[in-house]
Structures are given as C-alpha cells and as structure tokens.
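To keep things clear, I will list the structure first and then write my remarks on it.
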C-alpha cells in the first residue's frame, strides 16, 4: 500500500529541489532487489557499489553512466543448449538503477570472484564549493582584513 504525501507546502519555501521531490514521489515500492548489492562510503566524496553477479562474465554485463543515473544490466548469453536437471543459480537478466547526486562520476569498474565493483567519486567544481562573502562597510569598500580571495585550483 502506498501512501501519497503532499509536497506542495515544501514547494513554497524551497527553490531548485523539484528533482528531490520527484524522486520521493516516484520511489519504487518493494522493487525486485535482485541481484543483491551493497553501497559503501569510504570517505566524504568516495563511494563504492558492489553487486553480486555470480555466473556473469564481463561480456554479459553493461555499466552505463548517464546524468544523475548509474545503470547496471546483465544478460547471460547461453553458450550451449544444456538440459538442466536442477537450475538453482539465478542468472536471469537484470537491470539495476541507482540515482546519483550531482557531480558524481564513475572512476572504475571491476569484476572479481562474482562481485562487480563500481567506484564513484563526487567531484564538486571549485565554483560550486562554499565561499565566504565579505560585507562592505558604509562607504561601499570592504574593510581592511576582511577580503578573502577564492582559492585557485592547481
């Protein structure tokens, strides 16, 4: 059962958060969580997604990065026609989508021992980082010692 929340009061007092409200309204309810995955955070700007993809090879998997979206899909290609007496390995096709924050980039992906590892880093541009604003005196000029120059990128 889905409970709908009315976000209209929040629209009146916020600017530029439309995407967040849309994500909350359209969040999947009890979606298929196969294959299982972990999301790790190693520091403030580094993340790692590990997906259990036993039975899949590098050629069976596809990792793509779109703006604010990481899509991992897999489809195992049958090599030979084999008659299974019991089939317990879940190697069905899948697509897993991860909503990403702004300025997230994929730095690498690897497959080792049935675990697909995807590394992500948040790279906030220098102009988007917080900066200190100086307050001018009554004559319009900044007071001595109050000017803080922005840090220059190396």
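Numbering (the UniProt record's numbering), first residue to last: 1 to 154. Ideal Cβ placement from N, Cα and C applies to all residues, glycine included.
Take residue i and list the residues in its own chain whose beta-carbon comes closer than 7 angstroms to its own, dropping the five residues that flank it on each side.
i	result
residue 47	39, 40, 41, 120
residue 65	106
Give the DSSP-derived three-state secondary structure of residue i in the structure shown.
i	result
residue 112	strand
residue 39	strand
residue 78	coil
residue 20	helix
residue 139	coil
residue 99	strand
residue 66	strand
So, at 8 angstroms on beta carbons, what are the nonlocal neighbours of residue i in its own chain, with the 5 sequence-adjacent residues on each side left out?
i	result
residue 125	103
residue 178	Outside the shown range of the chain (1 to 154) lies residue 178, about which nothing can therefore be said.
residue 84	none
residue 109	63, 116, 117, 118, 119
Determine, using beta carbons only, whether residue i and residue j come nearer to each other than 8 angstroms.
i	j	result
residue 93	residue 74	yes
residue 45	residue 122	yes
residue 62	residue 77	no
Between which residues of its own chain and residue i is the CB-CB distance below 6 angstroms, once the five residues before and five after are set aside?
i	result
residue 70	98, 100
residue 81	none
Just to confirm, does residue i get its C-beta within under 7 angstroms of one of the non-hydrogen atoms of the ligand ATP?
i	result
residue 37	Only the bare structure without any ligand can be found here, which leaves the ligand ATP out of the picture.
Quiz item: Quick check: the stretch 113-126 against the stretch 44-61, are there 3 or more CB pairs under 8 angstroms?
Solution: yes
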